[in-house]
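Mapping of the sequence shown onto our numbering: residues 2 to 60, in sequence order. Glycine residues also receive a C-beta, built at the ideal position from the N, C-alpha and C atoms. Below is one structure, written out as structure tokens; the observations come after it.
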Amino acid sequence: MTDNPSHEAAEALRTIGRNVEPPGNDLGLWLVDGHECSDVELIALAQLFGLLAEPKQAR
Numbered sequence: 002m003t004d005n006p007s008h009e010a011a012e013a014l015r016t017i018g019r020n021v022e023p024p025g026n027d028l029g030l031w032l033v034d035g036h037e038c039s040d041v042e043l044i045a046l047a048q049l050f051g052l053l054a055e056p057k058q059a060r
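Have a look at this one:
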């Protein structure tokens, strides 16, 4: 795995057959099965599928 959460999310989504690619020069955007996502949306999608642990809430 990687220290970059969005790259970790991309790798995790690929393991379940999703097509995940950076769409070009904008490193903060991704294409997931043809749909544009931000880094935050990509991470949230991986969490929704149970592929990444959600961060612990600060008290």
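Residue i versus residue j: straight-line alpha-carbon distance, rounded
i: I19; j: D27; result: Here residue 19 is Arg; the residue named in the question, Ile, does not match the sequence. R19 and D27: Cα-Cα distance of roughly 20 Å.
i: I44; j: S7; result: 6 Å
i: E9; j: G35; result: 19 Å
i: F50; j: G25; result: 25 Å
i: D4; j: A54; result: 14 Å
i: L46; j: P23; result: 15 Å
i: P56; j: L32; result: 24 Å
i: S39; j: L30; result: 5 Å
Residues sharing a beta bridge with residue i, DSSP
i: S39; result: L30
i: E1; result: Lying before the first or after the last residue shown, residue 1 is absent from the chain, which here runs from 2 to 60.
i: E22; result: L32
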